[in-house]
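Novice:
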Amino acid sequence: MDDLYREYILEHYKSPHNKGDIAHPDRFAAYANPFCGDRLQMGVRLEGDRVVEVRFNGTGCAISQASASMLTDEIQGKTLAELAEITKEDIFEMLGIPLSPARQKCALLAWEVLRKGILRLDEDTAEESDLA
Ligand code: FES
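Here my numbering = 1-based position in the sequence shown + 12.
(1) Between S141 and R51, what straight-line distance do the alpha-carbon atoms span, to the nearest angstrom?
(2) Could you spell out where the beta strand (DSSP E) holding Q53 opens and where it closes?
(3) Are the Cβ atoms of L131 and L92 separated by less than 8 Å?
(4) Near K117, what residues of its chain come up, given a Cβ to Cβ distance below 7 Å and the 5 sequence neighbours on each side ignored?
(5) Can you name the start and end residues of the beta strand (DSSP E) that E65 belongs to?
(6) Please classify A126: is it buried, with 16 or more other beta-carbons within 10 angstroms of its beta-carbon, or exposed?
(7) Please report the residue range of the alpha helix (DSSP H) in which R18 lies.
(8) Say yes only if the C-beta of D50 is nearer than 7 Å to one or more non-hydrogen atoms of the ligand FES, and no if none qualify.
(9) Judging by CA-CA distance, which residue of S112, R62, L95 is the nearest neighbour of E124?
(10) Relative to the C-alpha of E65, which residue among A80, Y25, G55 is closest?
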């Protein structure tokens, strides 16, 4: 079963969805994984409080890039309130494989950008943030 998910992760890594930049995003944020320094940025365009376009960019391992690709697919078309309901566990479930604590940081990189940068929620991992 894990093999299936690994394949799925590699597909997203090799051909990421929503990768690139938005010229004039309504909200934009970047965050670096404190453990490896890899940096990921995300921009969204809003109509009212609904995301009509989302793009991410940056470098990182397969897990971080695949997670950003999958998460941005989820973000598209949702309201900011709906996005605030996405939990860490949802991200782990989306990836579908067991992750070590270090790999969990990779998996949550895009989610951190979403939570703290795009949604401007400030919570448990604030001390590790490196928002730009
Ligand atoms: Fe840097 Fe995974 S090793 S994000």
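Beta carbons: idealized from backbone N, C-alpha and C, even for Gly.
Note that the structure is a prediction, hence the values are computed from the model and not measured.
Specialist: According to the structure data:
(1) For this step, residue 141 is matched to residue 129 along the sequence shown. For this step, residue 51 is matched to residue 39 along the sequence shown. Only weak support is given to the placement of S141: the predicted model assigns it a pLDDT of 45, under 50, and the question is left unresolved by the model.
(2) Position 41 of the sequence shown, counted from the start, is the residue given in the question as residue 53. That run of the beta strand (DSSP E) goes 51-59.
(3) As a position in the sequence shown, residue 131 is number 119, starting the count at 1. As a position in the sequence shown, residue 92 is number 80, starting the count at 1. Yes. Within cutoff.
(4) Taking the sequence shown and counting its residues from 1, one reaches residue 117 at position 105. Closer than 7 Å at the Cβ level, and outside the excluded window around K117, lie N45, F47.
(5) Residue numbering aside, residue 65 sits at position 53 when the sequence shown is read from its first letter. Here the beta strand (DSSP E) through E65 covers 62-70.
(6) Here residue 126 corresponds to residue number 114 of the sequence shown, with the count starting at 1. At residue 126 the sequence reads Leu, which differs from the Ala that was named. Under this definition L126 is a buried residue.
(7) Along the sequence shown, one-based indexing puts residue 18 at 6. Its alpha helix (DSSP H) spans residues 14-26.
(8) For this step, residue 50 is matched to residue 38 along the sequence shown. Indeed, a heavy atom of the ligand FES lies less than 7 Å from the Cβ.
(9) Translated into the one-based positions of the sequence shown, residue 124 becomes position 112. Considering only alpha carbons, the answer is L95.
(10) Along the sequence shown, one-based indexing puts residue 65 at 53. E65 has its Cα closest to that of G55, out of A80, Y25, G55.
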